[in-house]
Every structure is written in structure tokens, then in C-alpha cells.
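Student:
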Amino acid sequence: MLTTRFDKEPITAAQRAKLAYVYVRQSSPGQVKHHQESTDLQYRLVERAVALGWPRDRITVIDEDLGKSGASSIDRLGFQQLMAEIGLGKAGLVLSLDASRLARNNRDWYQLLELCSVFGVLLTDAERLYDPRTYHDRLLLGLSGMMSEAELHQIQMRLQQGGRHKAERGELRLALPAGLVRSRTGEIVLNPDEEVRARLQLVFDKFRELKGAKAVMRYLQQAGLTLPVRPLWGPAPQDVVWQPATSARVVQVLKNPAYAGAYVYGRRRFDPTRRRPGVPRSGTVKVPLEQWPVCLVEAHPGYIRWEEFLANQKQLAENVQHYADHHAGVPRNGLALLQGVVLCGRCSRRMQLRYSGPHGNYPVYVCAADQAAAGGPRCQEVRAPAVDAAVERLLLEALAPDQVALAVTALEQIEEESRQLERQWGLKRERARYEAERARRQYDTVEPENRLVARHLERGWEDKLRQQEQVEHEYERWRREQPLALTETDQQQLLAVAEDLPRVWQAETTTPADRKQILRLVVQEVVLDQKRAPGRVWLKIHWQTGATTEHWVRRRVQDYRRYADREPLEQRVRELNAAHKMDAEIAACLNEEGLISATGRLFQGKNVHVLRQRWQIPTVKINGTYQENPLRWPDGSYSVRGTAAALEISPVTVFVWLRRGRLEGEQLAKGMPWQIRLSEKRIAELKQQLRRISRSNKEVL
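Here it is as C-alpha cells:
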């Protein structure tokens, strides 16, 4: 250790009355283990403090930061303790081998110098003693801190550049997932464990079918299958462990490019703005796929091809994009059939979905992109039921010629899935038997007299036997719940059901998500526009085959000004009215002819009355001129004029008697003609009453 003699001793008695602190730090556990000479030099600073006049019992060694980087003081409890002791006025001297031991960044270094200057604490390294209160010593200390930070920067830059250059050749050893291992020659190969390979392949196959990570998770959980995981912590090589299937673990498998045979470096980077104090290794963010610094495709064997890996990433992104532009999302159990695949025919944006109604179960397709971006009006809103019904009908018609092929394919798929699950369970049972047999062999190799070891191995053997028994019980339960082979009767029933696709489509066991999945196999997108024509929705279907078809769907409107077939309806009402038919009869004729009202319901007499008033159609038209109501209506009832003639009274008296209840009649709607029910007996009674009233009036006169 080098020392320097001073002509003038700067240490005062007040400083010697305080404690001397020796700060010891190494940057990593590897340096602590392999660079022991540096650690010993730092501990020998205690002798330096004794030589400067501090008693041994007044010297404190702070070595809590061994194995920690000096780039920051967040995780260095020893450095934080040193700063606290200086701030409390307990320190008179701080000893460190050099400035890089105390801090590798200027912020922590200058904070230390400022505290030492305020409280009169001396600093010393392996060469000389410094007083931060003097200008020249503070200048030297400042330069030492700058060089320490620059040195760390150079070291990190050289390490990163060396690692990057080595990664560009595919020679940098990176952590491998559970499905890959390194051979003795250093090459990356598939895991030789057959169960590991089969389970990972099942994950990729089911995601290709189900299109969702959570759906794959539920499938694995229902089948009682776990996933292989390789822990990243601990001494290498780490053993593969089996963990329950979760959504996060399935996503990790799907997003790992190593399973596609790619060697990738730089998938994550450190972002200081994301760092959270007290959380180790926080601040790491994912780098987009197109910005990966090194990506060597087909660098080693994989479970899927690179093109399928890219398609999986696209599907995963669509599943979490909430059906934004160009993202259809995964099918869900909502009522809207076209969820995620419907586009606006006005602006070509993907339409969103909302539910209205008193119970929130009425789906509506909404294009609100302009409203969200600039506060403008919504582009359009299309009610889903009528459109979904039309698309459903067109879909079933398109699939009708292929129903037999679909039935055979469904049967083959069920049988193939049963074979896959049986193979997975066979591998799982084989592993359990191997583990139990291995524990037995270990127990057999120990000397019987060595009970200290034999008891431990015996307990391990018993645990493996219990695990094997549990696996067998789970397998038997799974086999009872899901039979492996379909009987001949089951196959015939399945074919009969599958050949009747509409029946399968409407079955209670078919969920909305299943219907949407079937739709997306055949239909790519559906474009909607309800402003091209009044009372109609124009839709254009883009089929997966590349063909397109256009259709019109009648929609419900609030009034007849936007009614789809207004002119034919008005012409038909005029024709029926000219045929001396009443409003109820006209409504019945319209319903028989298949016409629907504006609100989507059947016509009633009051609807026809309102239409006649709006279109100014009189009640009856005879010989080209509009006449009064007939004496009797076609159903046998009397009009007001006919009642007055039959009873030989004035029409005013008829209205009075109707108001008083003396006559029975009805109107289909307010303002419509009266239909008065009179029998011959009732007419005679009323006339008799009129004659008595007339004689009474004469006698009075």
C-alpha cells in the first residue's frame, strides 16, 4: 500500500474523536469469489486508519455492499448507512480503496462530497488524504468521481459491444426455454424428453385451432395437463419443472422465438424512466419484434416455422387490441355475430360494438372513430339483429353443399384429439413410473445399516409412489369423463347431427363464440352502410375464398318517411281502400302479402288509419268521387249514417247515444269511422222507445 508523507497534519482532534468508516465493495458475486486480493486490500484499510491515529475500537467496517454494483445507490444499503452516519455527525474519516468503490455515478459521488464538506469529514484512498473543504482536494475528488463514472461507461460499452458482436454470430450463450437444450458440442437441439416435446407441440397445435392463449389454458386445465418450465435462477443447468397451465405461461411459450428456431438477442432493454425504487430489475421493457438488434432465423431446430411464429404474434396482438383498426380480436360469447369483423361502409374503419336496451342485451354496431378523434358526430350506427340474421342465413346457404364433408372432418377431429390426449397422458404416466422406479433404485443402493441416509431415501420413494398413484387416479377420472373412442352408434349420431348444419348452429350447446369461430372460417369481413338507401342496410361480404357478394337488409325505422318500400305500400293501401275495405281489412291483406310495418311488426287497423291520414286517402272512393260512409260496413256493422237511417233519427242523436252508452260501437282509432253493432231486435226496441217518447211529448203539448 502506498502512503504519502505530509508536512502538515490536516487531522484535528475533533475529527479523531469521531468514528472512522472503512467502506468495502465488490461489483458482483463473481468478483467477490475470484478477486479476493482486491477484497483483502480494502479490509487492510483498517491499518491505514490506525496509522492515522484512530483506535481500532473506533473503526467501523461497512461491507454490506459486497457483490453489488456501484452504478446506483438504490440497492446499496451499506452506502446508504454511510451517508446516514455522515449526516448524523458521527463520522470523522471515510476510507475506501478508490473513488470507484464508493460510487460509479456523479450524483452519488457529489452528494457524498457535499455531506463530507458540511460536516468536516476527511476522505482517504490508497494514496493520500483529502479534505473536501479545501479547493484543490475537492477538485481532485471531483476528477476522481468523473473518471470513475467514465471508467464504468467504458467497461459497460466494451462488454455490450463484445456481447453484441458475439450474438451477431450466434455464439453468445443465452438462457434456453424448457423445450431446448445444449448438446455436449454446444449446439442447440430439442429437449430429448418426449413428454416435454409433446406438451409444447400440443400448445402450438391448440393455439392454431383455438386462436386464444386463455382458450389453450382452459383446454390444458380441463385435460389435467401441466406445462414444462425451466427456472432462470440458480446454478446452470436448471432442471425442467412442471407447473400448472396459466395464461401467462402459455403466452410465454407462444412469444418465445427460440421455439421457432430463431436466435434472438435484445428482446428487452432497460428504460430508466420505468424503474421503481425498491423493485429489483425493474425498468425492463420489451422491444418490438421489428427492432430486435439480432434475429437469426432458422439458427437451430424449432417446434414451429418462423412464418407461424409471426402469425401467432399477430393473433396475440389482435386479441388484446379491443377490435381496433385491422384487429378482429378473438371470438367472445357476446350476442353480436359479426363482432370484430364488421367494417364501416362510410369510412372503412372497423366498427365497434356496444349493447343497449333495458337489460343491456341489444347489440349495435357503432362507428365512432371521428367522434373519438375530433369530437364530431358518429359516422353511423347499425342495429345488429337484422344484419346478423341475414349473414347467418347466407352463411348456412354457402355451407349447405359441404355439410357431409364438414361432418366427416368433425368426426376425424374428435378422434385425433382423443389420440393426442391419450398420448399426453401416456407420457405423463410413464414419467411418474420412471420417477418412482428411480427412487427405488436409489434406496436399493444404500447400505441397510446406514439408516441416516436410508430413511431419507425411503421417504422420497414413498412420495414418488404416492405421486404415481395420484397420476393414475387422475388418468382414470379423465378417461371416465372423456371416453377415448366413439362407438359406432356415436359416430352415426354425430354424422347425422353434423350433416344438419342449421340444427348444430341453433343447438343450445353451441355457444356464440363457436358460431363466430365458424363464421370466421368462411367470412373474412363484412362491410355495412345504412345511409345508401332509406330503410335498408347495404352489406358486402368478403369471403375467405376472395369472392365478394352484396346484399340489402330491411331495417326498422321510426316513421314511414324512411320506410324502404314506401311507394309500393302507399299504392297498395290506395288500391285496397278503393275496393271498399276497412282499415282492419286492409291491415290483414298487407300482413298476408308479407309486408312489414316500419317498426318491424304486423300491420293493424290503426296503423292503416294513420297512413291514410298522412297520405290523404279518404275512407271510400265510389265512381271516381269521394262519398260519405256506407250505411253498413262489410262486416255487417252500421255506420253513423246507417244507424240514423235505420232508427229514423239524426246523426247528432246517434253520437249522443254512443256517448251515453245507449248504442254500442267502436273505433279502430280516434278519428276513424264508427262501427255500430245493431240487431233487428235492438232496432225494434229503440224504435218503440222513440214512439213512446213522441206520444209523451204530444200529450204534454
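End of the sequence shown = 700 in numbering that gives the first Met the number 0, gap-free, step of one. Don't be surprised by glycine CBs; every beta carbon is placed ideally from N, CA and C. Because the structure is a prediction, the values reported are computed rather than measured.
What does the alpha-carbon distance come out to for the pair Val240 and Val249?
Tutor: C-alpha separation (whole angstroms): 15 angstroms.
Student: Measuring CB to CB, does Leu520 end up less than 8 angstroms from Leu538?
Tutor: Not a contact, by the Cβ cut-off of 8 angstroms.
Student: Which same chain residues end up closer than 8 angstroms to Arg440 when comparing Cβ atoms and leaving out the 5 residues on each side of it in sequence?
Tutor: No residues qualify anywhere along the chain.
Student: How far does the beta strand (DSSP E) with His550 in it reach, from first residue to last?
Tutor: His550 -> beta strand (DSSP E) spans 547-553.
Student: Run through DSSP, which three-state label would His152 get?
Tutor: DSSP places His152 in helix when its eight states are reduced to three.
Student: Given a cut-off of 8 angstroms on the beta-carbon distance, is the pair Leu334 and Pro511 in contact?
Tutor: A contact, by the Cβ cut-off of 8 angstroms.
Student: Can you give the Cα-Cα distance for Trp108 and Glu150, rounded to whole angstroms?
Tutor: In a straight line, the C-alpha of Trp108 is about 14 angstroms away from that of Glu150.
Student: Between Tyr302 and the rest of its own chain, which residues show a CB-CB distance below 7 angstroms, the 5 nearest in sequence each way excluded?
Tutor: Closer than 7 angstroms at Cβ, skipping near neighbours: Gly178, Leu199, Gln200, Phe203, Tyr258.
Student: Using C-beta distances below 6 angstroms, list every residue in its chain close to Cys588, excluding the 5 sequence neighbours before and after it, in chain order.
Tutor: Contacts found: Leu575.
Student: In chain order, what residues of the same chain have a beta carbon less than 7 angstroms from the beta carbon of Lys213, not counting five sequence neighbours either side?
Tutor: The answer, listed in chain order, is Ser246.
Student: DSSP on Ser143, reduced to helix/strand/coil?
Tutor: In the structure shown, Ser143 sits in a helix (DSSP, three-state: H, G or I).
Student: How many angstroms separate the CA atom of Leu288 from the CA atom of Leu315?
Tutor: Straight-line Cα distance between these residues: approximately 13 angstroms.
Student: Give the secondary structure of Gly223 by DSSP, where H, G and I count as helix, E and B as strand, and everything else as coil.
Tutor: DSSP places Gly223 in coil when its eight states are reduced to three.
Student: By the 10 Å Cβ neighbour count, where 16 or more other Cβ atoms means buried, how is Glu471 classified, buried or exposed?
Tutor: The residue in question, Glu471, is exposed, as its Cβ has fewer than 16 Cβ neighbours within 10 Å.
Student: Is Tyr20 near the ligand SAH, with its Cβ less than 7 angstroms from a heavy atom?
Tutor: With respect to the ligand SAH, the structure offers nothing, as it holds no ligand at all.
Student: Can you give me the C-alpha to C-alpha distance between Asp324 and Lys530, rounded to a whole angstrom?
Tutor: For Asp324, the predicted structure reports a pLDDT of 47, less than 50, and the residue's modelled location is therefore unreliable. The matter cannot be settled from this model.
Student: Distance, Cα to Cα, Asp582 vs Ile648?
Tutor: Looking at the two C-alpha atoms, the distance is approximately 27 angstroms.
Student: How is Arg439 classed by DSSP in three states: helix, strand or coil?
Tutor: Of the three classes helix, strand and coil, the one that applies to Arg439 here is helix, per DSSP.
Student: Quick check: the region 340-353 against the region 378-393, are there 3 or more CB pairs under 8 angstroms?
Tutor: Yes, the region 340-353 is in contact with the region 378-393.
Student: Compute the Euclidean distance between the alpha carbons of Lys17 and Gln41, then round it to the nearest angstrom.
Tutor: So the alpha carbons of these two residues sit roughly 21 angstroms apart.
Student: Please classify Asp634 as buried or exposed, where buried requires at least 16 other C-beta atoms within 10 Å of its C-beta.
Tutor: Asp634 is exposed by the Cβ-count criterion.
Student: Tell me which same chain residues have a C-beta within less than 6 angstroms of the C-beta of Leu295, skipping the five on either side of it?
Tutor: Answer for Leu295: Gly169, Tyr262, listed in chain order.
Student: Just the C-alpha distance for Val552 and Glu665, rounded to the nearest angstrom, thanks.
Tutor: Roughly 38 angstroms between the two C-alpha positions.
Student: In chain order, what residues of the same chain lie with their CB nearer than 7 angstroms to the CB of Glu702, ignoring the 5 residues before and after it?
Tutor: Here the chain comprises residues numbered 0 to 700, so residue 702 is not present and cannot be evaluated.
Student: Are Asp64 and Arg24 close, meaning C-beta to C-beta below 8 angstroms?
Tutor: In this structure, Arg24 lies closer than 8 angstroms to Asp64 by Cβ.
Student: Could you check which residue in Gln80, Ser71, Gly265, Leu92 has the C-alpha nearest to that of Gln160?
Tutor: The shortest Cα separation from Gln160 among Gln80, Ser71, Gly265, Leu92 belongs to Gly265.
Student: Taking the C-alpha atoms as reference points, what is the distance between Arg681 and Val363?
Tutor: Going by the C-alpha atoms only, they are around 57 angstroms apart.
Student: Helix or strand or just coil, what does DSSP make of Gly339?
Tutor: Coil, per DSSP.
Student: Just the Cα atoms here: how many angstroms apart are Asn622 and Ala577?
Tutor: Note that Asn622 has pLDDT 45, beneath the 50 cutoff, so the model's placement of it is unreliable and no number is given.
Student: In whole angstroms, what is the alpha-carbon distance linking Thr11 and Met82?
Tutor: The alpha-carbon atoms of Thr11 and Met82 are separated by roughly 21 angstroms.
Student: Quick one: residues in its chain with C-beta nearer than 7 angstroms to the C-beta of Leu685, no 5 flanking neighbours on either side, listed in chain order?
Tutor: The answer, listed in chain order, is Leu646.
Student: Decide if Asn318 is buried, meaning its Cβ has at least 16 other Cβ atoms within 10 Å, or exposed.
Tutor: Label assigned to Asn318: buried.
Student: CB-CB under 6 angstroms to Pro330, same chain, minus the five flanking residues each way: which ones, in chain order?
Tutor: Taken in chain order, the residues that qualify are Ala512, Lys515, Gln516.
Student: State the beta-bridge partners of Ser355 as determined by DSSP.
Tutor: DSSP, once it has assigned bridges, lists Tyr361 as partnering Ser355.
Student: Just to check my reading of the structure: Trp424 and Trp504 have Cβ atoms closer than 8 angstroms, yes? What is that Cβ distance to the nearest angstrom?
Tutor: Not confirmed; about 33 angstroms, so no contact.
Student: By the 10 Å Cβ neighbour count, where 16 or more other Cβ atoms means buried, how is Gln14 classified, buried or exposed?
Tutor: Buried, because 16 or more other Cβ atoms sit within 10 Å of the Cβ of Gln14.
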